[in-house]
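Step one of this worksheet: look at the structure below.
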Amino acid sequence: MGTDIGGAIEVCPAAGCWEAEIDLLCFQLGRDYDAWNALFDVRGTECLERPLFAGRGLPDDVSEPVRENGVGDYQHSHTYATWAEVAAVDWDAPLADRPAWHWAGQWLPGEDGELALHDAVPATTELGEAAADTFGGDLLLAPSEWPPGGEVRLEGVVYRPVVLTARMLAPPDEERWARVWKTMRDLAAEYGDENVRLVVWFG
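Under the working numbering, residues 539 to 741 are what the sequence shown spells out, in order.
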């Protein structure tokens, strides 16, 4: 059974009370489990140690319309983040202290011919088979089980174990979330960085 995201962007004008500004449904975010894992620690298959904005609950001073929409029998994992917090994120900082269990980094030649990290992708059965061929044995090896410094070449791509970052799982310039961040940034120009926040929940 799938999980959906709900929420809103709130603003706090000079009067001091938070107001619902934009329903998150307007952004048509869809089910983006990898991003939710990195941002909110929801529906993740990885054991991330430092998701960005996890488990905060609803703000005590949340606007009444947002409270009414967000509190029910099926809503869970409520959390929030101000624009000041989002703007301060280091999207390339590691979210864990060890390589991901079933993700691998794709390394490709850059303009200078040197290998550079291109992307992080879920490991496939084909990659597991290639790892078994490379390192010996008949077991499908997850990247985190490869020998230290180990790499696997498959169809012209070099794969190495990878420590996941927020940019890998929730690229801030990817179309869907980029629209959320731009909206918050634009509102912050009017209300201030601490007076704009994203409130989310799942169900």
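From the three backbone atoms N, C-alpha and C, an ideal C-beta is built for every residue, glycine too. Bear in mind the structure is a predicted one, so any value in this text is a computation, not a measurement.
When the Cα atoms are used, Glu557 and Ala661 turn out to be separated by approximately 43 Å. With a cutoff of 8 Å on beta-carbon distance, Leu562 and Ala573 are scored as not near each other. Beta-bridge pairing by DSSP links Val737 to Ala546 and Tyr618. Nearest in C-alpha terms to Leu633, of all of Gly608, Gly651, Arg588 and Val624, is Arg588. Checking the DSSP bridge columns, you'll see Ala658 partnered with Gly643.
Leaving aside the five residues that flank Gly688 on each side, the residues in its chain whose CB is nearer than 7 Å to its CB run, in chain order, Phe673.
Contact check for Arg581 and Thr617: beta-carbon distance about 13 Å, past the 8 Å limit, so the pair fails to qualify. DSSP lists Val696 as the beta-bridge partner residues of Arg691. The C-beta of Val604 has 16 or more other C-beta atoms within 10 Å across all chains shown, which makes the residue buried. When DSSP states are grouped into helix, strand and coil, Leu653 belongs to the strand group.
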